[in-house]
Amino acid sequence: MPLSRRRLLTLTGSLFTLFSAQAQPVPLWPTKPLKIVVAYPPGGVSDVIARALAEQLASRLGVPVLVDNKAGASGSLGVGLVAKSAPDGYTLAFSAISPLTLSPHLGKSAFDPVKDIAPVASVMYSPVLIAATSALKEGDLKSLLATARARPGAVRWATSGPASLGHVVLEQIRAAAQLDITHVPYKGGGQQITDALSGQFEVLSVNTSSAVLQHIQTGKLRPLAVGSPARLNNLPTVPTLAELGYPAANLSSHFGILAPAGTPASVVTRLNGEINAILSTPAMRERLLAAECVGEPTSPTEFAGLITAESASMARIIRDAHIKAE
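This note's numbering puts the first residue of the sequence shown at 105, with every later residue one more than the last.
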């Protein structure tokens, strides 16, 4: 009988639990404020969802939950700071899983994604969106790539940073079409969107968010393609990358809560249960829907399995597309 996806994630997650599931006396927790380190700048979809999560988590735990933005290195800076924190359940990271699944394969990780991190809970996934700015006159992705072929290096493509999922999408398209496109890396989605609105580059790949959708609705950004299995509800006329002939570039960013390895299993279990409960609330479901994100409740072991599977997939993509660190 074939394994279900949930069962497969549970089995592959065992590698993480060897290091992060600690049999320890049950601590009295929490007794003081928690801090969630958001691995990206303020204003992006990850920051918005993390703050909504922190607000509800504080209410459920009975202690303040502070949010601290530590952007840099496509999320690896913030996750690395948490990896080096005390494993007591009071310092957590909210991040895409790319610092664990993508950066290590590019030699850009200052921590061991297996030995130094305890996956707590998956929160959501968000498809990558490719959009044009006012600097691009072409109306669709095919025309954009034709321009890039005719004028090597002239098309500037912005991402939220090297080793981000948006960067992977760019590299897969660049390799498949054999084009010379200039990569413009940022430290997160916030400044990337600001510069997009002033036309400082022609195209960007970014996670969907309410802010991005708002700029699309007002005509300041023009969607060209989405990296999702099916077209988005809020953008029904925008084709998927698979429809346009780039099935390998159909990618989504998975975001979740991470803790330092060695965090007591009882704390991880408590946090996981509270986060999953929050994801089921109408308020959080509405926030996720508005941002075109999908809630993704898992157990800690299932989340670890998702990370393990994604890491193997990213290793293949990096090898096949010849992606190099910048």
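Ideal Cβ placement from N, Cα and C applies to all residues, glycine included.
Hey, is the segment 400-413 in contact with the segment 240-255, meaning 3+ C-beta pairs nearer than 8 angstroms? Touching, no.
Can you give me the C-alpha to C-alpha distance between residue 276 and residue 184, rounded to a whole angstrom? Reading the sequence shown from its first residue, position 172 is the one you call residue 276. Reading the sequence shown from its first residue, position 80 is the one you call residue 184. So the alpha carbons of these two residues sit roughly 27 angstroms apart.
Extent of the continuous alpha helix (DSSP H) run through residue 331: For this step, residue 331 is matched to residue 227 along the sequence shown. Counting along the chain, residue 331 falls outside any alpha helix (DSSP H), though it belongs to the beta strand (DSSP E) covering 326-331.
Between which two residues does the alpha helix (DSSP H) containing residue 186 stretch? Taking the first residue of the sequence shown as position 1, residue 186 is located at position 82. Judged by DSSP secondary structure, residue 186 falls within the alpha helix (DSSP H) whose first and last residues are 180-187.
Give the single residue among 177, 166, 234, 151 whose Cα lies nearest to the Cα of residue 198. Sequence index remark: in the sequence shown, residue 198 carries index 94 (1-based). Comparing alpha-carbon positions, the option among 177, 166, 234, 151 lying closest to residue 198 turns out to be 151.
What is the C-beta distance between residue 235 and residue 355, in whole angstroms, given that I count them as a contact (C-beta under 8 angstroms)? The sequence position of residue 235 within the sequence shown is 131, counting from 1. The sequence position of residue 355 within the sequence shown is 251, counting from 1. Not a contact, Cβ separation roughly 16 angstroms.
Kindly indicate the opening and closing residues of the beta strand (DSSP E) around residue 359. Counting from one through the sequence shown, the residue named residue 359 turns up at place 255. Residue 359 -> beta strand (DSSP E) spans 356-364.
So the candidates are 389, 399, 352, 407; which of them puts its Cα closest to the Cα of residue 373? In the sequence shown, the residue the question calls residue 373 occupies position 269. Of the listed residues, the one whose Cα sits closest to residue 373 is 407.
Mapping DSSP to helix, strand and coil, what is residue 241? Locating residue 241 in the sequence shown gives position 137, where the first residue counts as 1. Coil at residue 241, not helix or strand.
Helix or strand or just coil, what does DSSP make of residue 197? To locate residue 197, count along the sequence shown from 1; it is residue 93. Three-state DSSP puts residue 197 in a strand.
Please report how far the alpha carbon of residue 261 lies from the alpha carbon of residue 306, in whole angstroms. Indexing the sequence shown from 1 puts residue 261 at position 157. Indexing the sequence shown from 1 puts residue 306 at position 202. Looking at the two C-alpha atoms, the distance is approximately 6 angstroms.
Thinking just about the alpha-carbon of each residue, which of 149, 193, 343, 141 is nearest to the one in residue 135? What you label residue 135 is simply residue 31 of the sequence shown in a count that begins at 1. Checking every option, the nearest Cα to that of residue 135 belongs to 193.
Which of the three DSSP states, helix, strand or coil, is assigned to residue 281? Numbered from its first residue, the sequence shown carries residue 281 at position 177. Looking at residue 281 - three-state DSSP - the assignment turns out to be helix.
Let me know the secondary structure DSSP gives residue 249 once reduced to three states. If you number the sequence shown from 1, residue 249 lands on position 145. For residue 249, the secondary structure class from DSSP, reduced to helix, strand or coil, is helix.
Out of 290, 289, 357, which has the shortest C-alpha to C-alpha gap to residue 312? Against the sequence shown, residue 312 aligns to sequence position 208. Checked all of 290, 289, 357; the closest Cα to residue 312 is 357.
Classify residue 421 as helix, strand or coil using the three-state DSSP reduction. Residue 421 sits at position 317 when you count from the first residue of the sequence shown. The answer is helix: DSSP assigns residue 421 an H, G or I state.
Residue 332 to residue 172 span [Cα, whole Å]: To locate residue 332, count along the sequence shown from 1; it is residue 228. To locate residue 172, count along the sequence shown from 1; it is residue 68. Roughly 30 angstroms separates the two Cα atoms.
Inter-residue CB distance, residue 212 and residue 267 (contact presumed, cutoff 8 angstroms): Along the sequence shown, one-based indexing puts residue 212 at 108. Along the sequence shown, one-based indexing puts residue 267 at 163. Indeed they touch by this definition, with Cβ atoms about 5 angstroms apart.
Beta-carbon proximity check, residue 214 vs residue 180, cutoff 8 angstroms: Counting from 1 along the sequence shown, the entry for residue 214 is found at position 110. Counting from 1 along the sequence shown, the entry for residue 180 is found at position 76. For residue 214 and residue 180, yes; Cβs fall inside 8 angstroms.
With a threshold of 6 angstroms on Cβ separation, who are the neighbours of residue 200 within its own chain once the five nearest residues in sequence on each side are excluded? Locating residue 200 in the sequence shown gives position 96, where the first residue counts as 1. So the list reads 179, 357, 359, once near-sequence residues are dropped.
Could you tell me if residue 424 is buried or exposed, where buried requires 16 or more neighbouring beta carbons within 10 angstroms of its beta carbon? Position 320 of the sequence shown, counted from the first residue, corresponds to residue 424. With a 10 Å radius around the Cβ and a threshold of 16 neighbouring Cβ atoms, residue 424 comes out exposed.
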